[in-house]
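Trainee: Numbering (the numbering used here), first residue to last: 9 to 234.
Here is the structure:
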């Protein structure tokens, strides 16, 4: 084999190796992006008249939401199946649970104006971008600090399952291609500047969530059953 043919063969092999390496990189990247966040997220919600704390336990296809009393004990729980979109509500004081059937909001937010700003900042160790959504029909504007390059795919599915009616939730769902996005902070204000509602993640912990946390506790009865 002469030198020119040997050089051509070597070049072809190098190109093939580069192609294989790039394909492997794309495959690994797609797998990592498909992996949902798993762990615990602590939330604080503030509105006109109250402040409430929540703890979200996020697994591969399930979410548990605990609403906390002022003393930190759990007052109520929602169990959400992200695949089937089934939602269960649990009353721990009465040891009862029930199915929640929620319909989509009838509020028309199609006139919302969505804008991704150039503002960025780190929150809880995550790089976040500021998005704004305003709607003249409801005379309010929401600002979100969003992880928009992450693997928080659970959040979009959770919003669909809960069919949230509050504007801070409805406005967020207007952000295009928001699969994988997560709003660490969301705040709605009226056009007069007065705060209507604020949701803020105060702590985020990556950890394996045991399947038992999504089970109905022993001894609890379904509401309506005798």
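For each residue, glycine too, the CB sits at the ideal point set by N, CA and C. What you are looking at is a predicted structure, and each value in this text was computed from that prediction instead of being measured.
Taking 8 Å as the threshold (C-beta atoms), are residue 152 and residue 235 in contact?
Mentor: In the structure as shown, the chain begins at 9 and stops at 234. Residue 235 is therefore absent and cannot be evaluated.
Trainee: Taking the beta strand (DSSP E) that residue 175 falls in, what are its first and last residues?
Mentor: Here residue 175 is taken as the residue at index 167 of the chain shown, counted from 1. First-last for residue 175: 175–180, but that is the alpha helix (DSSP H), not the beta strand (DSSP E).
Trainee: Looking only at C-alpha atoms, which of 45, 200, 162, 182 sits nearest to residue 92?
Mentor: Stepping through the chain shown from its first residue, residue 92 is reached at position 84. Comparing Cα-Cα distances from residue 92 to each of 45, 200, 162, 182, the minimum goes to 162.
Trainee: For residue 28, does the count of other Cβ atoms within 10 angstroms reach 16, so buried, or fall short, so exposed?
Mentor: The sequence position of residue 28 within the chain shown is 20, counting from 1. Low local confidence applies: a pLDDT of 45 at residue 28 is under 50, so the model's placement there is unreliable, with the coordinate-based value given in what follows. When all chains shown are included, residue 28 counts as exposed.
Trainee: What beta strand (DSSP E) runs, 3 residues minimum, are completely inside the region 36–101?
Mentor: For the region 36–101, whole beta strand (DSSP E) runs of length 3 or above, ordered along the chain, are 47–55, 59–66, 70–76, 82–89, 95–99.
Trainee: Our contact map puts residue 46 next to residue 204 with C-beta atoms below 8 Å; I'd like the distance itself, whole angstroms only.
Mentor: Here the question's residue 46 lines up with position 38 in the chain shown. Here the question's residue 204 lines up with position 196 in the chain shown. Incorrect: roughly 32 Å between the Cβ atoms, too far for contact.
Trainee: Apart from the five residues just before and just after residue 224, which ones in its own chain have a Cβ nearer than 6 Å to its Cβ?
Mentor: What you label residue 224 is simply residue 216 of the chain shown in a count that begins at 1. Contacts found: 105.
Trainee: Between the Cα of residue 122 and those of 146, 165, 142, 155, spot the shortest distance and give me the residue it belongs to.
Mentor: If you number the chain shown from 1, residue 122 lands on position 114. Minimum Cα distance to residue 122 is reached at 142.
Trainee: DSSP three-state label for residue 165, please.
Mentor: Here residue 165 is taken as the residue at index 157 of the chain shown, counted from 1. Reduced to three states, the DSSP call for residue 165 is helix.
Trainee: Taking a contact to mean a Cβ-Cβ separation below 8 Å, would you say residue 117 touches residue 139 in this structure?
Mentor: Taking the first residue of the chain shown as 1, we reach residue 117 at position 109. Taking the first residue of the chain shown as 1, we reach residue 139 at position 131. Their beta carbons are not under 8 Å apart, which means residue 117 does not touch residue 139 by this criterion.
Trainee: For residue 111, does the three-state DSSP call read helix, strand or coil?
Mentor: Counting from 1 along the chain shown, the entry for residue 111 is found at position 103. The answer is coil: DSSP assigns residue 111 none of H, G, I, E or B.
Trainee: Check residue 24 in the structure and name its three-state DSSP category.
Mentor: Position 16 of the chain shown holds residue 24. A caution first: residue 24 carries a pLDDT of 48, below 50, which makes its placement in the model unreliable, though a value can still be read off. Here residue 24 sits in helix by DSSP.
Trainee: State yes or no: is the C-beta of residue 199 within less than 8 Å of the C-beta of residue 119?
Mentor: Indexing the chain shown from 1 puts residue 199 at position 191. Indexing the chain shown from 1 puts residue 119 at position 111. Contact flag unset, no.
Trainee: Taking residue 196 and residue 175 to be in contact with their CB atoms under 8 Å, please state how far apart those CB atoms are, rounded to whole angstroms.
Mentor: On the chain shown, residue 196 is found 188 positions in, with the first residue counted as 1. On the chain shown, residue 175 is found 167 positions in, with the first residue counted as 1. Contact holds; Cβ gap of about 6 Å.
Trainee: Taking three-plus beta-carbon pairs below 8 Å as touching, is the region 71–78 in contact with the region 52–63?
Mentor: Enough Cβ pairs lie closer than 8 Å, so yes.
Trainee: Based on DSSP bridge pairs, tell me the residues matched to residue 143.
Mentor: For the purposes of this step, residue 143 is taken as the residue at position 135 of the chain shown. In DSSP, residue 143 forms a bridge with 148.
Trainee: Mapping DSSP to helix, strand and coil, what is residue 132?
Mentor: Translated into the one-based positions of the chain shown, residue 132 becomes position 124. In the structure shown, residue 132 sits in coil (DSSP, three-state: anything other than H, G, I, E or B).
Trainee: Just tell me which of 126, 207, 82, 220 has its CA closest to the CA of residue 58.
Mentor: Along the chain shown, one-based indexing puts residue 58 at 50. Checked all of 126, 207, 82, 220; the closest Cα to residue 58 is 207.
Trainee: Can you round the beta-carbon distance between residue 87 and residue 72 to whole angstroms, since I take them to be within the 8 Å contact cut?
Mentor: Start at 1 with the first residue of the chain shown, and residue 87 comes out as number 79. Start at 1 with the first residue of the chain shown, and residue 72 comes out as number 64. Their Cβ separation, rounded to whole angstroms, is 6 Å, which keeps residue 87 and residue 72 in contact under 8 Å.
Trainee: So, with DSSP's three-state summary, where would you put residue 155?
Mentor: Within the chain shown, the letter at position 147 stands for residue 155. In the structure shown, residue 155 sits in a strand (DSSP, three-state: E or B).
Trainee: Contact defined as beta carbons within less than 8 Å: I believe residue 156 pairs with residue 180. What is the distance between those atoms, to the nearest angstrom?
Mentor: Translated into the one-based positions of the chain shown, residue 156 becomes position 148. Translated into the one-based positions of the chain shown, residue 180 becomes position 172. Actually they do not touch by this definition, with Cβ atoms about 11 Å apart.
Trainee: In angstroms, rounded to a whole number, what distance separates the CA positions of residue 231 and residue 99?
Mentor: As a working note, residue 231 is residue 223 in the chain shown. As a working note, residue 99 is residue 91 in the chain shown. Cα to Cα, the separation comes out at about 10 Å.
Trainee: Is it buried or exposed for residue 187, if we count other Cβ within 10 angstroms and need 16 for buried?
Mentor: For this step, residue 187 is matched to residue 179 along the chain shown. With fewer than 16 other Cβ atoms within 10 Å, it is exposed.
Trainee: Please say whether residue 178 and residue 95 have beta carbons closer to each other than 8 Å?
Mentor: Counted from its first residue, the chain shown places residue 95 at position 87. Counted from its first residue, the chain shown places residue 178 at position 170. No, the pair does not count as a contact, with Cβ atoms beyond the cut-off.
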